[in-house]
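Asker: Just add 66 to the spot in the sequence shown (first one is 1) and you have our numbering.
Just so it is clear, CB atoms sit at the ideal spot from N, CA and C, and this is done for glycine as well.
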Amino acid sequence: MRDMNLESVRVSFVKNVTDPTLNQLLDRLLANQYLNQEEMDTAKVKKGPGAAAFLIKNYCELDPKSKLCEELQKLKMNRDVATGQSD
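Shown next, in the form of structure tokens:
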């Protein structure tokens with residue numbers, strides 16, 4: 067069940083996340099061995115704005131105590147501060 071929810075979030079995320087946010091997130095996923103280099107390269111596709119926050123919110127609802135959730139929330143907070151956005 068959990069994997070199905072993450073799969074539906076992934077589709078929207080890949081379509082909509084900004085390039086700088088995706089690159090930073092992919093770098094962190096690679097550094098923490100959640101992805102290998104080939105998976106990281108495959109994930110880099112054209113995106114639009116807005117889905118990073120959606121992914122973070124939904125992933126963290128599913129696994130709020132994970133290290134990845136903590137890192138995603140930090141990344142989103144930094145992006146929101148830089149762009150003047152808030153939830």
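Alpha carbon to alpha carbon, how far is residue 133 from residue 93? Give it in angstroms, no decimals.
Answerer: Each residue's alpha carbon lies about 15 angstroms from the other.
Asker: For residue 96, which residues from the same chain have a beta carbon less than 6 angstroms from its beta carbon, with the 5 sequence-adjacent residues on both sides left out?
Answerer: 106, listed in sequence order.
Asker: Starting from the C-beta of residue 139, find all residues in its chain whose C-beta is less than 8 angstroms away, skip the five residues before and the five after it, and write them out in chain order.
Answerer: So the list reads 122, 126, once near-sequence residues are dropped.
Asker: Please tell me whether residue 137 and residue 82 are closer than 9 angstroms, where the distance is taken between their beta carbons.
Answerer: No, Cβ-Cβ distance for residue 137 and residue 82 is not below 9 angstroms.
Asker: Kindly indicate which residue of 150, 131, 128, 119 has the alpha-carbon position closest to the one of residue 87.
Answerer: It is 119.
Asker: Assuming contact is defined by CB atoms lying nearer than 9 angstroms, are residue 103 and residue 141 in contact in what I supplied?
Answerer: Not a contact, by the Cβ cut-off of 9 angstroms.
Asker: Is the beta carbon of residue 124 less than 9 angstroms from the beta carbon of residue 75?
Answerer: Yes, these two residues count as a Cβ contact at 9 angstroms.
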